[in-house]
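Report on the structure given below.
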Amino acid sequence: MRGIKLYTTIDTKLYEVSDPSRDLETLLLISVIAKRANEESQTKSIRRKSAYKKAKDAAADSGKVFNKLSPPFGIRYDESQQKFVEEPDEADDIRKIFELLKDFGVDETCRRINQISTRRKWTNKAVFILIKNKMPLGTLAVFSRLKKDGKEKRIFERFIENYYPQTVSDFDFYSALKSIQERKRDRVAGRYTLNNFNIFKKVVFCQVCGSSMICTKTNVRSKTGNGGYTYLTCKDRIETGNCAAKRIRFEYAFGGLLELNEMTKLMKSNISGQEKNAYGTASLFQTLANYKEVDHRDRLEISEKIKAHSIAENQLSNLTTSLNYDEKIPAVLVKKLSALEDEIETLKKEIAILNETHDEHTTLNASTSAEIIDIFKSEKGRISLNRFFMENKIAFKFELKEGRVLYASIFRKTDKGLIGVLTVAIGFPLRKPLQKFGLEDLKDIINLPPNYTDEQ
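Numbering (the numbering used here), first residue to last: 48 to 503.
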């Protein structure tokens, strides 16, 4: 203590060990003051925790607001209405994030939202916190602080539902979450071809060896001075050189898709009776979708039941997590838990009867080549094309023969393997290969940088 002076503001006194004869007296006074200060600090801490617990209980029981000065992103407190309301621009960012998550991985979602958002910088961590805390559903995640081994740690306590206004619908929230889980399960990368140019990504295979095909672009300029051509190339040919299949200009592959659609319409016009009903429509896309054998009259009922199922599962998850935190489980909560479990089981059975899948399937209303080309012209349309193929378990096989003749086959993926649907052979002229379908040049729609290679 020698050389140290202690000044206490509560009694405006200065304590120092300057007189050796009063050392013991001074040390005792300092010890008493320090003990009193520590006890006061502990008392304030207990009172603060007690007040916080009461505020949380009041929020859960009656929706009483206790954090109006620190609302989350997308929410603000309106003093005139005495409640939380949406912050429109910020809430739009959150809704856009969940729309993007349906089609892209978290990295790409952050990149795209940061290009248009002026409110904040989005990171992977921020997006995952949105999902984990369920704030977009109007839920407040409540945490407690636990001190262990000298370190303070936040411990999840419970969810308080309907505390904030809901900024994202249950359907959009869980659709985005399901897409994330499926990308992890199927190991399908969220990254897509630049501008999502390759509509055949993950669904096209070499007719010769069965390997997947990847999208590449050469740096060789054409005679017209345009940039090099874009190709679909057998992955085995690139990596090992064992496959002798020719690389296929992307224009030919796209032309093969258009020809498959034309052939479907031709078959429709030349068949009758029960076979004609099996095709159901002249559109290739609707014909493929019809293989799902989903009764369109049941779609609305299925959608409503899936929504109810999602809400019930969310409530069950929140309740279960809360019970894991409580040492004593009230009987009323046990009863509610049992009722939710029964409701979920009933909904599962009803949905299973109406439809074997909970998937939200992409639909494409296109029956002519011009309509398919119009869809391809926008990035959103190209994403829809690729998503349609994957959702409906469609696969393509291409092989280029002499004379620029493409053999294009379309298959359905089943548990028993690929089942053929249709095969066409189409020859292409050297220049303007898609002129037959009213398209002068595919590069007029989109162009890739030289030496580009996508990830298949």
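Glycine included, each C-beta is placed from N, C-alpha and C at the ideal position.
For residue i, would you say it is in contact with chain E, using Cβ-to-Cβ distances shorter than 8 Å as the test?
{"i": "threonine 165", "result": "Looking at the structure shown, chain E is missing, and only one protein chain is on hand."}
Going by C-alpha to C-alpha distance, which of the options sits closest to residue i?
{"i": "lysine 448", "options": "Lys293, Leu304 and Cys157", "result": "Lys293"}
{"i": "lysine 179", "options": "Ile163, Ser191, Glu199 and Arg205", "result": "Arg205"}
{"i": "alanine 291", "options": "Ile422, Glu487, Phe297 and Cys281", "result": "Cys281"}
{"i": "leucine 335", "options": "Leu307, Ile285, Ala355 and Val189", "result": "Leu307"}
{"i": "isoleucine 163", "options": "Ile176, Ile144 and Asp219", "result": "Ile144"}
{"i": "serine 357", "options": "Lys111, Lys168, Leu184 and Ser117", "result": "Leu184"}
{"i": "isoleucine 391", "options": "Thr410, Gln362, Leu411 and Ser416", "result": "Gln362"}
{"i": "lysine 427", "options": "Leu147, Gln89 and Leu116", "result": "Leu147"}
{"i": "leucine 469", "options": "Glu309, Phe218, Asn85 and Arg167", "result": "Glu309"}
{"i": "threonine 311", "options": "Thr415, Ile77, Leu489 and Ser127", "result": "Thr415"}
{"i": "threonine 277", "options": "Glu155, Ser127 and Phe297", "result": "Phe297"}
{"i": "aspartate 219", "options": "Arg451, Asn114 and Arg142", "result": "Arg142"}
{"i": "lysine 249", "options": "Pro118, Leu432 and Pro135", "result": "Leu432"}
{"i": "glutamine 129", "options": "Leu116, Pro135, Glu87 and Asp136", "result": "Leu116"}
{"i": "glycine 485", "options": "Phe301, Gly450, Ser425 and Thr367", "result": "Phe301"}
{"i": "glycine 450", "options": "Leu477, Phe458 and Lys424", "result": "Leu477"}
{"i": "glutamate 446", "options": "Leu74, Leu53 and Ile295", "result": "Ile295"}
{"i": "lysine 264", "options": "Asp283, Phe113, Phe244 and Gly257", "result": "Phe244"}
{"i": "serine 216", "options": "Ala355, Arg83 and Ile261", "result": "Ala355"}
{"i": "phenylalanine 203", "options": "Lys424, Ser226 and Ile176", "result": "Ile176"}
{"i": "glutamate 438", "options": "Ala138, Leu75, Ser226 and Thr367", "result": "Ser226"}
{"i": "phenylalanine 423", "options": "Ser258, Lys483, Phe458 and Leu489", "result": "Leu489"}
Suppose contacts are defined by Cβ-Cβ distances below 8 Å. Is residue i in contact with residue j by that definition?
{"i": "arginine 429", "j": "isoleucine 246", "result": "yes"}
{"i": "cysteine 157", "j": "threonine 170", "result": "yes"}
{"i": "leucine 305", "j": "isoleucine 492", "result": "no"}
{"i": "arginine 80", "j": "threonine 55", "result": "Looking at the sequence provided, one finds isoleucine at residue 80 rather than arginine. Taking 8 Å as the Cβ cut-off, isoleucine 80 and threonine 55 qualify as a contacting pair."}
{"i": "lysine 440", "j": "glutamine 254", "result": "no"}
{"i": "tyrosine 211", "j": "phenylalanine 120", "result": "no"}
{"i": "glutamate 487", "j": "asparagine 365", "result": "no"}
{"i": "leucine 465", "j": "phenylalanine 435", "result": "no"}
{"i": "glycine 288", "j": "valine 471", "result": "no"}
{"i": "phenylalanine 332", "j": "alanine 417", "result": "no"}
{"i": "alanine 35", "j": "lysine 198", "result": "There is no way to answer for residue 35, as the model of the chain reaches only from 48 to 503."}
{"i": "isoleucine 160", "j": "aspartate 136", "result": "no"}
{"i": "aspartate 283", "j": "cysteine 262", "result": "no"}
If residue i and residue j are in contact, beta carbons under 8 Å, what's the gap, nearest whole angstrom?
{"i": "glutamate 133", "j": "threonine 186", "result": "About 15 Å separates the two Cβ atoms, so there is no contact after all."}
{"i": "glycine 474", "j": "serine 456", "result": "With 8 Å as the limit, glycine 474 and serine 456 do not qualify as a contact, their Cβ atoms being about 16 Å apart."}
{"i": "tyrosine 221", "j": "proline 480", "result": "In fact, because the Cβ distance is near 43 Å, the residues do not count as touching under 8 Å."}
{"i": "valine 251", "j": "leucine 224", "result": "At roughly 28 Å, the Cβ-Cβ gap does not stay under 8 Å, so valine 251 and leucine 224 are not in contact."}
{"i": "lysine 460", "j": "alanine 442", "result": "6 Å"}
{"i": "leucine 313", "j": "alanine 359", "result": "Leucine 313 to alanine 359, Cβ: 48 Å. No contact."}
{"i": "isoleucine 77", "j": "leucine 61", "result": "About 11 Å; that fails the 8 Å criterion."}
Inter-stretch contact at 8 Å, needing at least 3 Cβ pairs: the segment 147-154 / the segment 189-205: No: fewer than three Cβ pairs fall under 8 Å.
Completely contained beta strand (DSSP E) runs for the segment 128-189, where each covers 3 or more residues: 130-133
Contained alpha helix (DSSP H) runs [length at least 4] in the segment 409-444, N- to C-terminal order: Fully enclosed alpha helix (DSSP H) runs of 4 or longer: 416-424 and 426-438.
Ordered list of beta strand (DSSP E) runs contained in the segment 196-257, each at least 3 residues: 198-207 and 251-253
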